[in-house]
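See structure below.
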Amino acid sequence: MGNVIIVGTQWGDEGKGKIVDYLTEKADVVARYQGGHNAGHTVVIGKEQFILHLIPSGILHKDKLCLIGNGVVIAPDALIEEIDGLLDIGLEVGDNLKISKNAHVIMPYHIALDNQKEAAKGKKKIGTTGRGIGPAYVDKMARAGIKMVDLLWPDVFREKLESNLGEINTIMTKLYNAPVFEINELFDKCMEYKERLSDFIDDTDIIINDRLKRGDNILFEGAQGTLLDIDHGTYPYVTSSNATAGGAMTGMGVGPTMIDSVLGIAKAYTTRVGGGPFPSELNDETGEKIREKGGEYGATTGRPRRCGWLDLVVLRHSVRINGLTGLVITKLDVLDGFDKLMVCTGYKYGDTVLNDFPKELSILDSCTPVLEEFNGWSEKTKGVKSFKELPENAKLYVGMIEERLDVPIHIISTGQDRDDTIIVKDVF
Ligand code: IMP
Numbered sequence: 008m009g010n011v012i013i014v015g016t017q018w019g020d021e022g023k024g025k026i027v028d029y030l031t032e033k034a035d036v037v038a039r040y041q042g043g044h045n046a047g048h049t050v051v052i053g054k055e056q057f058i059l060h061l062i063p064s065g066i067l068h069k070d071k072l073c074l075i076g077n078g079v080v081i082a083p084d085a086l087i088e089e090i091d092g093l094l095d096i097g098l099e100v101g102d103n104l105k106i107s108k109n110a111h112v113i114m115p116y117h118i119a120l121d122n123q124k125e126a127a128k129g130k131k132k133i134g135t136t137g138r139g140i141g142p143a144y145v146d147k148m149a150r151a152g153i154k155m156v157d158l159l160w161p162d163v164f165r166e167k168l169e170s171n172l173g174e175i176n177t178i179m180t181k182l183y184n185a186p187v188f189e190i191n192e193l194f195d196k197c198m199e200y201k202e203r204l205s206d207f208i209d210d211t212d213i214i215i216n217d218r219l220k221r222g223d224n225i226l227f228e229g230a231q232g233t234l235l236d237i238d239h240g241t242y243p244y245v246t247s248s249n250a251t252a253g254g255a256m257t258g259m260g261v262g263p264t265m266i267d268s269v270l271g272i273a274k275a276y277t278t279r280v281g282g283g284p285f286p287s288e289l290n291d292e293t294g295e296k297i298r299e300k301g302g303e304y305g306a307t308t309g310r311p312r313r314c315g316w317l318d319l320v321v322l323r324h325s326v327r328i329n330g331l332t333g334l335v336i337t338k339l340d341v342l343d344g345f346d347k348l349m350v351c352t353g354y355k356y357g358d359t360v361l362n363d364f365p366k367e368l369s370i371l372d373s374c375t376p377v378l379e380e381f382n383g384w385s386e387k388t389k390g391v392k393s394f395k396e397l398p399e400n401a402k403l404y405v406g407m408i409e410e411r412l413d414v415p416i417h418i419i420s421t422g423q424d425r426d427d428t429i430i431v432k433d434v435f
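In our numbering, the protein residues as written are 8 to 435.
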């Protein structure tokens, strides 16, 4: 099979969870490399629906090793809740889950800071998930973070906590007029978390490299999407990690020479949740129709997602930044019944047309999409399992994406269920 990175090519929520779940059949290891419980991967198997936030969706399969890498930030209570939820429905969560010693911990004060900072931003707020993701990564970069391994060493942990709380509590009281954090309470809580999680904490860099050497097939599971990447997204309206393919290397501790392919997941249209630029956004009843048909509400926060036409400028950027070797088109069935479909092929900025995604927010804000019209289809694609059964216009739509991006399409998803999947070309 080989080692494959799965990345989101848009603003997240492309349906990576379903595709990772589907490809896990052929994988030995599934490794999550960045983000935290801001992500929400929905997987539907028969009548059951699972929403996973931190644990790779590989956990739903027997005998697959799931790794949470050093690039992930972990809220221990959220992780424990997720583990318990899986145990409750009879799934195995034991030696099949390992968490990096170097993954950073999201502490309760990170969540408080996230919410205070957002509230202070007023109209300019990012629209974060309020999970403490940004402040946890800030502490990591500021070298003030607490790592999962620190939980195993209570003295080290307490010392770090003490040193951090001095500054945090000053910020809480002086800047935000908010309650302070009490050291003993936090310490005791974290020691409870340690009791539950210590068996999972391990050297995931060593484990994954041993598995690579052994010739195992590894799926690297990204969260969010390319346009939410801290370096390559619509900064500052982004998340605080590298959601792009490069993040898989640093976020797991593997070298780029180990990767065989990079598969980009793209919705047949575009969505984003939270603030920030979105040139092909539809603020009308068509956007509303896509939202309702596509069930476009956040898996983590339940917020309505902003919806718009497929944007080829965004996708060209993603192909480039991630070095995509293949594409997966998801939610094609949501476009069933549209008479006409528009596709954004460029951005009109003054008298010029931009073909590449601009870096300046000011330019993005004043761009209007250049739209090209395509014929829709009235037939159902929902549940279609082979390419030849797709309506002619759906084939043309998918073919157009492949041709314009010059990247082969490997999979088309035609519904939420595992089986609603068309394999166009073998991924491995
Ligand atoms: P944060 O990751 O909570 O800091 O939020 C930063 C931005 O990323 C906000 O616009 C969020 O809505 C967005 N975001 C974070 N995680 C996801 C996700 O899994 N899907 C879509 N958007 C996300």
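The beta carbon of each residue, even a glycine, is placed where N, CA and C say it ideally should be.
Next on the checklist: Buried or exposed, going by whether 16 or more other CB atoms sit within 10 Å of the CB of Lys-154?
Outcome noted: buried
Checklist entry - Could you give the distance in angstroms between the alpha-carbon of Gly-271 and the alpha-carbon of Val-187? => result 43 Å
Checklist entry - ligand 1 heavy atoms versus the CB of Arg-221: any closer than 7 Å? => result no
Checklist entry - Near Gly-139, which residues of its chain fall below 6 Å by C-beta distance, leaving aside the five closest residues on each side in sequence? => result Ile-113, His-117, Ile-118, Asp-121
Next on the checklist: Considering Cα atoms alone, identify which of His-60, Glu-32, Asp-28 is closest to Gly-43.
Outcome noted: His-60
Checklist entry - Looking at the structure shown, is Phe-364 part of a helix, part of a strand, or coil, going by DSSP? => result coil
Checklist entry - Which stretch, first to last residue, makes up the alpha helix (DSSP H) that contains Thr-241? => result Segment: none, Thr-241 is in no alpha helix (DSSP H) and carries neither H nor E.
Checklist entry - On the premise that Ile-96 lies in contact with Glu-228, defined as a C-beta separation below 8 Å, what is that separation, rounded to the nearest angstrom? => result Going by Cβ atoms, the distance from Glu-228 to Ile-96 rounds to 21 Å, so no, they are not a contact pair.
Next on the checklist: Considering only their Cβ atoms, is the gap separating Val-37 from Val-27 smaller than 8 Å?
Outcome noted: yes
Checklist entry - Do Arg-218 and Phe-194 have their CB atoms nearer than 8 Å? => result no
Next on the checklist: Measuring straight from C-alpha to C-alpha, what distance separates Asn-103 and Ser-373?
Outcome noted: 49 Å
Next on the checklist: At the level of alpha carbons, what is the spacing between Asn-224 and Arg-39?
Outcome noted: 14 Å
Checklist entry - Three or more beta-carbon pairs under 8 Å between the region 336 to 343 and the region 297 to 314, yes or no? => result yes
Checklist entry - Taking Cβ positions, are Val-79 and Ser-268 nearer each other than 8 Å? => result no
Checklist entry - Considering only C-alpha positions, which residue in the set Gln-56, Ile-214, Gly-19, Thr-332 is nearest to Ile-75? => result Ile-214
Item to check | For Met-114, three-class secondary structure by DSSP | outcome: coil
Item to check | Beta carbon of Tyr-244 nearer than 8 Å to that of Gly-281 | outcome: yes
Checklist entry - Apart from the five residues just before and just after Gly-305, which ones in its own chain have a Cβ nearer than 6 Å to its Cβ? => result Val-280
Next on the checklist: Following a CB-centred definition, is Arg-138 positioned closer than 7 Å to any heavy atom of ligand 1?
Outcome noted: yes
Next on the checklist: Can you confirm whether the region 251 to 259 touches the region 316 to 331 when touching is taken to mean that 3 or more C-beta pairs between the two stretches lie within less than 8 Å?
Outcome noted: yes
Checklist entry - Starting from Gly-4 and walking both ways along the beta strand (DSSP E), at which residues does that stretch end? => result Past the edges of the chain, shown from 8 to 435, lies residue 4, and the structure says nothing about it.
Checklist entry - Relative to ligand 1, is the shortest distance from any of its heavy atoms to the C-beta of Ala-255 smaller than 7 Å? => result no
Next on the checklist: Could you pull the DSSP bridge partners for Ile-13 from this structure?
Outcome noted: Glu-228, Leu-270
Item to check | Residues near Ile-416 by beta carbon distance below 8 Å, same chain, minus five either side | outcome: Gly-333, Leu-334, Val-335, Ile-336, Val-405, Ile-408, Glu-409, Val-431, Lys-432
Item to check | Opposing strand residues paired with Ala-38 [DSSP bridges] | outcome: Leu-74, Phe-227
Checklist entry - Any heavy atom of ligand 1 closer than 7 Å to the CB of Ser-393? => result no
Item to check | Cβ neighbours of Gly-353 in the same chain (closer than 7 Å, five flanking residues each side left out) | outcome: Val-320, Val-360, Leu-361, Asn-362, Val-377
Item to check | beta strand (DSSP E) runs wholly inside the region 90 to 178, at least 3 long, in chain order | outcome: 104 to 107
Next on the checklist: Buried or exposed, going by whether 16 or more other CB atoms sit within 10 Å of the CB of Lys-366?
Outcome noted: exposed
Checklist entry - Considering Val-326, what are the terminal residues of the beta strand (DSSP E) in which it resides? => result Run containing Val-326: none in the beta strand (DSSP E); it sits in the alpha helix (DSSP H), 319 to 329.
Checklist entry - Which first and last residues belong to the alpha helix (DSSP H) in which Phe-194 is found? => result 190 to 204
Next on the checklist: I'd like the span of the alpha helix (DSSP H) that includes Asn-216, first residue to last.
Outcome noted: 211 to 221
Item to check | Same chain, Cβ closer than 7 Å to Asp-236, five either side skipped, listed in chain order | outcome: Val-245, Asn-249, Ala-250, Thr-251
Item to check | Alpha-carbon to alpha-carbon, Gly-383 and Asn-171 | outcome: 56 Å
Checklist entry - How about Tyr-244: is its Cβ closer than 7 Å to a heavy atom in ligand 2? => result Although ligand 2 was asked about, the structure shown includes only ligand 1 as ligands.
Item to check | Environment of Lys-71 [buried if 16+ CB atoms lie within 10 Å] | outcome: buried
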